[in-house]
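Residue numbers (full-length UniProt numbering): 1 to 235.
Single-structure report; data block below.
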């Protein structure tokens with residue numbers, strides 16, 4: 001009796017979330033290429049949406065790996081062949097690779113944005129004049145808001161680092177499962193080969209036994225004994 005396949009239930013969620021993340025990722029790259037500051041509101045919103053989607057995708061990917069692990073323990077229970085289990089493991093690897101590439105682009109954006117925020121030397125005089133007038137009012141609150149945004153982006157980066165460490169662990173687990181499946185396939189081939197050899201020997205023994213019995217019924221036991229002796233003299 002075949003049981004409900006847990007992989008199919010999770011696969012739909014992974015595919016749906018992945019399809020959502022792809023246009024968000026493309027939009028983020030486009031906005032980043034046009035933005036001149038990491039504080040650009042549109043850039044921050046796009047980045048936040050992409051990070052949220054990637055977090056959901058990683059959670060779904062974790063469930064997908066768990067389903068592959070459950071099926072790998074007894075694939076025939078779910079009516080699956082080893083080749084299908086290996087195909088599913090490859091799907092996990094491919095999704096993990098795509099998510100990791102998105103994460104790398106987010107990290108690159110942080111580095112580039114940090115460079116973009118360096119002050120222009122021609123603005124030093126203006127900055128000194130502002131300091132002479134005091135750091136109060138709107139300039140002070142703008143500076144505090146910018147600092148808060150930097151801290152928020154740093155916290156988000158740390159969260160993403162944890163998420164993608166999880167992805168790396170999941171991919172390693174998937175690789176381990178793949179090696180176990182390959183070992184199982186080799187063992188099955190060896191058992192099949194041994195079974196073929198034993199079956200051939202058994203059929204040969206039955207054939208010899210049937211021939212001896214037939215001769216005994218026709219010629220009697222003394223004829224069979226003489227025939228066996230004369231046949232053995234050739235060796």
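All C-beta atoms in this analysis are idealised placements derived from N, C-alpha and C, irrespective of residue type, glycine included.
Quick caveat: nothing in here was measured; it's all calculated off a predicted structure.
Leaving aside the five residues that flank residue 44 on each side, none in its chain has a CB nearer than 7 Å to its CB. Taking 9 Å as the cut-off, the Cβ atoms of residue 31 and residue 40 count as close. In the DSSP assignment, residue 74 falls outside any alpha helix (DSSP H) and carries neither an H nor an E. In this structure, residue 13 keeps its C-beta atom at 9 Å or more from the C-beta atom of residue 74. Looking from the CA of residue 182, the closest CA among 63, 82 and 99 belongs to 82. Per DSSP, the continuous alpha helix (DSSP H) segment holding residue 18 begins and ends at 6 to 34. Distance between residue 52 and residue 179, taken at the CA atoms: about 33 Å.
A Cβ-Cβ distance of about 6 Å is found for the pair residue 89 and residue 68, placing them in contact under the 8 Å criterion.
For residue 7, the closest alpha carbon among the candidates 80, 24 and 20 is that of 80. Cβ atoms of residue 95 and residue 18 come within 8 Å of each other, at about 6 Å. If you compare the alpha carbons of 70, 50, 100 and 84 with that of residue 24, the shortest gap goes to 50. In this structure, residue 57 lies away from residue 10, with their beta-carbon atoms at least 9 Å apart. DSSP places residue 80 outside both helix and strand once states are collapsed to three, so it counts as coil.
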